[in-house]
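Enquirer:
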Amino acid sequence: MKKVLSLGLAAVMAMSLTACGGGEEKTAPADNAAGTETAGDVLKLGVTGPLTGPNAAYGSAVANGADLAAKEINAAGGVNGMTLEVKAEDDEADPEKVINAYNNLKDWGMQMFVGATTSGASISVAAETANDNMFQITPSGSAVECVANDNVFRVCFADPDQGTASAKYIGENKLAAKVAIIYDSSSEYSSGIREAFVKEASNEGIEVVADEAFTADTNTDFSVQLDKAKEAGAELVFLPIYYQEASVILKQASDKGFDPIFFGCDGMDGILTVENFDTSLAEGLMLLTPFSPTEESSKKFTEDYIEAYGAEPNQFAADAYDAVYAIAAAAEKAGITADMDVSAMCDAMKAAMTEISIDGLTGAGMTWNAAGEPNKDPKAAKIVNGVYEMQ
Amino acid sequence: MKSKNKILVQNSITYGLVILCWILAEVLIRTGNMSSLMKGLLVPLCIYVILAVSLNLTVGILGELSLGHAGFMCVGAFSGAFFTKVMETVIPSVGLRFFLALLIGAAVAGIFGILIGIPVLRLKGDYLAIVTLAFGEIIKNLINVMYVGKDSTGFHFSTKDTLSLGLDESGVVLIKGAQGITGTPKAATFTIGVLLVLLTLFIVLNLINSRTGRAIMSIRDNRIAAESIGINITKYKLMAFAISAALAGVAGVLYAHNLSSLAATPKSFGYNMSIMILVFVVLGGLGNIRGSIIAAVVLTMLPELLRGLNDYRMLIYAVVLIVMMIFNSSPKAIEMRAVFMEKLRKNRKSTTKEAA
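In structure tokens, the structure reads:
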């Protein structure tokens, strides 16, 4: 009897939940209608990113960063008299799910798209935005193909640019002559940077002594790669990977008594926030990042962000924040009004984006070219006493 | 005679259901009543239905547990997308290229099905499941290290990176390792998807109700008895396995031509995907083709329709899945359903009596 009862209860629960889901669906068009009524003063920006799953930190940061920027702009009087409204949808960093998230935002009445957070999803959704002629600016989609269409712009550096910049930085500052690379061959981000780094390294007189790959399936044990790097006598280990894996590498290197300079790119940003990670291991780690929360110019942003969302902002949040400010500046320049249709808006924005210049968190005097690439200087930071010290 | 009629009626209901869904969707689109989310989901729904129906052939009809279905889908997707990319200049018509890609995807996946099937089908039960699981992972990892480029001198192949392909100026990289193939034309439409679903159903349902299908099911029910009456077990097993793989290949080609970027990520072609397809099949009922269709549609739409619940949607999806499984297959739940139906029937009888 108990079993029957529990089964019944579970069934009722499921029913009420699905009913709830159905209810949401029904209210969505109503929202839409309300949106068109007040179309005179609302500009709707859609954001997608992984809000669930292993990459959730990036997606939430982008959603929060965009939200914070929109709030600030609204408080300062909005854009051309319009207030910005931001809505974030979960794309699970998946090229298939991002289409659903994007379509859902379109149903909501999105007029411009800030996304996607990750490269793979961004490339996939770009085909849809090109089809709809929807203006798209990706905060952190760094693969080359992300901005292949002319309606797409980005805030972060392209992968090859980061690889080239890293090699140049290491060469110019004479950090090391023998470099080992450990990279994730299953990630376009990582392999893209590595490829450009290897290309540039020979020009800078850097010798790549070990070039070791891992994949998403083997990202928990790096002893083989570290041993090879150590045997080859690497003075610097270049890690064009995300911070989660880097934290494991740092731990295992320290266990082996292997102590070269570690050098990462923007994916390394966030390493100090990894749970159960001894941050003293990251002392001396260098990374190429456009954003540091402790920098003078980003102090106010960091404080506001922590107050609003209870977490320290990372580079993804800063990218999204700059993306929304770029939209605001371009929209003002182009004289966008909320009653314009999406396609006309996109055409006007495309032209205006190349004419604006922004002093953002991720660079001063940022400008964009028609290909959608930003023009700003890469900055390197070193972790000293648990905080970033800009070099 | 009677049973034949019954089969005909049952099959017609299945076909009718699909056609009805198609008409309904077309009407909604034409009258502008369909949300963008639903429009975007239409082709993926067809893909998952084809996958579920084809896997049901292996799991439900042949009775072998396969966890490598996403592997066959992956083979189909990449061979189809590769063909479309290579033939871009030779065959300018996207529709024709897509049609040929479907045939090629099905053929390549089918061949892989036979190649894998020959050694693997000697195994039974859990062993077969584990080997097919490994096969799916191998395919995914092989594609992840594969770099293929084309220039004026022909094709170049590497397992390291795009630099080592050594392409000249005219060269284009076709498969870029873990980044896969980008820039496949979006040729898949809902109508093509539904036609492929109907084709899949036609193949599978006809197979089940044929002499061959009965031979396959006899292997499932009692292998020794089947062997003793002279049924060639290897032949029929391979046949079912290869057809199932080829249909998964078709779904893969459809998948590749619905998204502009195709990468063999663990999420899209890993064992998670294989297990998800298996969930469709088990939830819909082993050997129940119509059940597979319904389960695939419901479970694909559910997480999207729950979007309003934000972060909780994945949790709720899991809970709903568990409840549906229990409701469908637990003996107690089946008993309860029977009692409930009985009561309903009694009520109806009593009311008709009263009315009389």
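Protein chains in written order, with the working numbering: chain A, 4 to 394; chain B, 6 to 361. We put the beta carbon where it would ideally sit given N, CA and C, even for glycine. Model, not experiment: these values are computed from the prediction.
Phe-280(A): which of Phe-261(A), Gly-270(A), Ile-252(A) and Pro-293(A) sits nearest, CA to CA?
Expert: Stepping through the first sequence from its first residue, residue 280(A) is reached at position 277. Of the listed residues, the one whose Cα sits closest to Phe-280(A) is Ile-252(A).
Enquirer: Would Lys-303(A) be called buried (16 or more neighbouring beta carbons within 10 Å of its own) or exposed?
Expert: Numbered from its first residue, the first sequence carries residue 303(A) at position 300. So Lys-303(A) counts as exposed.
Enquirer: Please identify, using Cβ separations under 9 Å, the residues of the stretch 26 to 49 of chain B that lie next to chain A, in order along the chain.
Expert: Ser-40, Ser-41, Leu-42, Met-43, Lys-44, Gly-45, Leu-46 and Pro-49
Enquirer: Report the rounded CA-to-CA distance for Ala-384(A) versus Lys-171(A), giving the unit in angstroms.
Expert: As a working mapping, residue 384(A) is identified with position 381 in the first sequence. As a working mapping, residue 171(A) is identified with position 168 in the first sequence. For Ala-384(A) and Lys-171(A), the distance between alpha carbons rounds to 15 Å.
Enquirer: Please classify Lys-100(A) as buried or exposed, where buried requires at least 16 neighbouring CB atoms within 10 angstroms.
Expert: Taking the first sequence and counting its residues from 1, the one referred to as residue 100(A) is at position 97. Looking at its Cβ environment, which holds 16 or more other Cβ atoms inside 10 Å, Lys-100(A) is buried.
Enquirer: Cβ closer than 7 Å: which chain B residues qualify as neighbours of Ala-130(A)?
Expert: As a first step, residue 130(A) must be located in the first sequence, where it is residue number 127. Near Ala-130(A) (Cβ distances below 7 Å), the residues of chain B are Lys-191 and Ser-265.
Enquirer: On the DSSP letters alone, give me the boundaries of the beta strand (DSSP E) that Gln-228(A) sits inside.
Expert: Residue mapping note: residue 228(A) aligns to position 225 of the first sequence, counting from 1. First-last for Gln-228(A): 226 to 234, but that is the alpha helix (DSSP H), not the beta strand (DSSP E).
Enquirer: Give me the Cβ distance between Leu-105(B) and Lys-242(B), rounded to the nearest whole Å; I'm assuming they're in contact under 8 Å.
Expert: Taking the first residue of the second sequence as position 1, residue 105(B) is located at position 100. Taking the first residue of the second sequence as position 1, residue 242(B) is located at position 237. The pair is not a contact, with the Cβ atoms about 30 Å apart (cut-off 8 Å).
Enquirer: Let me confirm a value: Thr-356(B) is counted as buried when at least 16 other C-beta atoms fall within 10 Å, else exposed. Which label applies?
Expert: Reading the second sequence from its first residue, position 351 is the one you call residue 356(B). Thr-356(B) is exposed by the Cβ-count criterion.
Enquirer: So, using beta-carbon positions, are Val-227(A) and Phe-265(A) closer together than 8 Å?
Expert: Along the first sequence, read from residue 1 onward, the residue named residue 227(A) stands at position 224. Along the first sequence, read from residue 1 onward, the residue named residue 265(A) stands at position 262. Going by beta carbons, Val-227(A) and Phe-265(A) fall outside the 8 Å limit.
Enquirer: Does the Cβ-Cβ distance between Thr-294(B) and Val-58(B) come in under 8 Å?
Expert: As a working mapping, residue 294(B) is identified with position 289 in the second sequence. As a working mapping, residue 58(B) is identified with position 53 in the second sequence. It should be pointed out that residue 294(B) corresponds to Ile in this sequence rather than to Thr. In this structure, Val-58(B) lies closer than 8 Å to Ile-294(B) by Cβ.
Enquirer: For Gly-45(B) and Gly-198(B), what's the separation of their Cα atoms in angstroms?
Expert: Taking the second sequence and counting its residues from 1, the one referred to as residue 45(B) is at position 40. Taking the second sequence and counting its residues from 1, the one referred to as residue 198(B) is at position 193. So the alpha carbons of these two residues sit roughly 13 Å apart.
Enquirer: Between the stretch 27 to 45 of chain B and the stretch 105 to 116 of chain A, do at least 3 Cβ pairs fall closer than 8 Å?
Expert: yes
Enquirer: So with Cβ pairs under 8 Å, would you call Gly-287(A) a contact of chain B?
Expert: Taking the first sequence and counting its residues from 1, the one referred to as residue 287(A) is at position 284. No - not a single Cβ of chain B is within 8 Å of the one on Gly-287(A).
Enquirer: Is Asp-34(A) close to chain B, meaning its C-beta is less than 8 Å from at least one C-beta of that chain?
Expert: Here residue 34(A) refers to the residue found at position 31 when the first sequence is read from its first residue. Bear in mind that a pLDDT of 40 at Asp-34(A), under 50, signals an unreliable position, so the model cannot answer this.
Enquirer: What separation, rounded to the nearest whole angstrom, lies between the Cα atoms of Ile-309(A) and Glu-88(A)?
Expert: Numbered from its first residue, the first sequence carries residue 309(A) at position 306. Numbered from its first residue, the first sequence carries residue 88(A) at position 85. So the alpha carbons of these two residues sit roughly 21 Å apart.
Enquirer: Tell me where the beta strand (DSSP E) around Phe-443(A) begins and ends.
Expert: Outside the displayed range of chain A (4 to 394) lies residue 443(A), so it cannot be described from this structure.
Enquirer: Of all the options Gly-195(A), Met-115(A) and Ala-168(A), which has the alpha carbon lying nearest to the alpha carbon of Phe-156(A)?
Expert: Translated into the one-based positions of the first sequence, residue 156(A) becomes position 153. Out of Gly-195(A), Met-115(A) and Ala-168(A), the CA that lies nearest to the CA of Phe-156(A) is found in Met-115(A).
Enquirer: In the DSSP assignment, what residue or residues form a beta bridge with Val-153(B)?
Expert: Here residue 153(B) corresponds to residue number 148 of the second sequence, with the count starting at 1. In the DSSP assignment, Val-153(B) is bridged to Phe-162(B) and Ile-180(B).
Enquirer: With distances taken between CB atoms, is the gap from Phe-294(A) to Thr-340(A) smaller than 8 Å?
Expert: Taking the first residue of the first sequence as 1, we reach residue 294(A) at position 291. Taking the first residue of the first sequence as 1, we reach residue 340(A) at position 337. Cβ distance not < 8 Å, so Phe-294(A) and Thr-340(A) don't count as in contact.
Enquirer: If you check the beta carbons only, do Met-329(B) and Leu-288(B) fall under 8 Å apart?
Expert: Locating residue 329(B) in the second sequence gives position 324, counting from the first residue. Locating residue 288(B) in the second sequence gives position 283, counting from the first residue. Yes, these two residues count as a Cβ contact at 8 Å.
Enquirer: For a cutoff of 8 Å on Cβ pairs, would you count Thr-357(A) as touching chain B?
Expert: Counted from its first residue, the first sequence places residue 357(A) at position 354. Not one chain B Cβ lies under 8 Å of Thr-357(A).
Enquirer: Rounded C-beta distance between Val-258(B) and Gly-76(B)? I'm assuming under 8 Å.
Expert: Your numbering for residue 258(B) matches position 253 in the second sequence. Your numbering for residue 76(B) matches position 71 in the second sequence. That pair is no contact at about 15 Å.
Enquirer: Do the stretch 56 to 72 of chain B and the stretch 134 to 147 of chain B meet, that is, are 3 or more Cβ pairs less than 8 Å apart?
Expert: Using a C-beta cut-off of 8 Å, the stretch 56 to 72 of chain B makes contact with the stretch 134 to 147 of chain B, since at least three inter-stretch Cβ pairs fall below that distance.
Enquirer: Can you list, in chain order, the residues of the stretch 49 to 68 of chain A whose Cβ is nearer than 7 Å to any Cβ on chain B?
Expert: Leu-54 and Thr-55
Enquirer: Given a cut-off of 8 Å on the beta-carbon distance, is the pair Asp-162(A) and Ala-146(A) in contact?
Expert: By 1-based counting over the first sequence, the position of residue 162(A) is 159. By 1-based counting over the first sequence, the position of residue 146(A) is 143. Closer than 8 Å, so yes.
Enquirer: For a contact meaning CB atoms closer than 9 Å, what does Glu-232(B) contact in chain A?
Expert: The sequence position of residue 232(B) within the second sequence is 227, counting from 1. Within 9 Å Cβ-Cβ: nothing; Glu-232(B) doesn't reach chain A, min ~40 Å.
Enquirer: Could you tell me which residues DSSP puts in a beta bridge with Pro-377(A)?
Expert: By 1-based counting over the first sequence, the position of residue 377(A) is 374. Per DSSP, Trp-371(A).
Enquirer: What did DSSP end up calling Ala-323(B) once you bin it into helix, strand or coil?
Expert: What you label residue 323(B) is simply residue 318 of the second sequence in a count that begins at 1. Looking at Ala-323(B) - three-state DSSP - the assignment turns out to be helix.
Enquirer: Please list the residues of the stretch 98 to 118 of chain A that have a C-beta atom closer than 7 Å to any C-beta atom in chain B, keeping them in chain order.
Expert: Pro-98, Glu-99, Ile-102, Asn-103, Asn-106, Asn-107, Lys-109 and Asp-110
Enquirer: Given a cut-off of 8 Å on the beta-carbon distance, is the pair Glu-207(A) and Gly-236(A) in contact?
Expert: Within the first sequence, residue 207(A) is the residue found at index 204, counting from 1. Within the first sequence, residue 236(A) is the residue found at index 233, counting from 1. Cβ atoms of Glu-207(A) and Gly-236(A): not closer than 8 Å.
Enquirer: Can you grab the Cα-Cα spacing for the pair Phe-285(B) / Thr-158(B), in whole Å?
Expert: The count along the second sequence starts at 1 and reaches residue 285(B) at position 280. The count along the second sequence starts at 1 and reaches residue 158(B) at position 153. About 46 Å.
Enquirer: Return no unless some Cβ of chain B is closer than 8 Å to the Cβ of Ser-194(A).
Expert: Looking up residue 194(A) in the first sequence gives position 191. Yes, because at least one Cβ of chain B sits closer than 8 Å to the Cβ of Ser-194(A).
Enquirer: Pair every Cβ in the stretch 178 to 190 of chain B with every Cβ in the stretch 190 to 201 of chain A, then say whether three or more of these pairs are closer than 8 Å.
Expert: yes
Enquirer: Under 8 Å between beta-carbons, which chain A residues line up against Pro-271(B)? List them in chain order, please.
Expert: Your numbering for residue 271(B) matches position 266 in the second sequence. Against chain A, a Cβ distance below 8 Å from Pro-271(B) picks out Ala-219 and Asp-220.
Enquirer: Could you tell me whether the stretch 73 to 80 of chain A touches the stretch 137 to 145 of chain A, where touching means 3 or more Cβ pairs closer than 8 Å?
Expert: No contact exists between the stretch 73 to 80 of chain A and the stretch 137 to 145 of chain A.
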